[in-house]
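Reading through the structure tokens given below for one structure.
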Amino acid sequence: MFGEPEPWTPTPAPMAPPIPAAPAAPSKPAAKPAPKASKPKPKARKKAKPKAKAKAKTKGKARGKKKKAKARRRR
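Quick note, this note's numbering runs 191 ahead of the 1-based positions in the sequence shown.
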């Protein structure tokens with residue numbers, strides 16, 4: 192349109208020289224990535240058995256009763 196546009200090429204940005212790849216260890220034929228340890232799955236909390244539940248309930252109750260009895264004796 193307005194004459195020949197100047198051929199403009201962006202100047203390449205000055206970059207660090209490419210780091211040469213580290214030579215592979217001669218003893219190993221192929222460096223395989225170590226198998227990643229799988230994350231342990233969160234285990235669901237075990238539900239208390241009804242019998243154990245009842246036992247725990249009485250345990251707490253008995254403790255409360257004991258403490259109350261002790262308090263009564265103190266008076």
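For every residue, glycine included, the Cβ atom is placed at its ideal position computed from N, Cα and C.
CA-to-CA distance, residue j to residue i, given in whole angstroms
i: Lys-242; j: Gly-255; result: 20 Å
i: Ala-262; j: Lys-252; result: 15 Å
i: Pro-226; j: Lys-257; result: 57 Å
i: Ser-229; j: Ala-235; result: 18 Å
i: Pro-231; j: Lys-240; result: 25 Å
i: Arg-265; j: Lys-259; result: 10 Å
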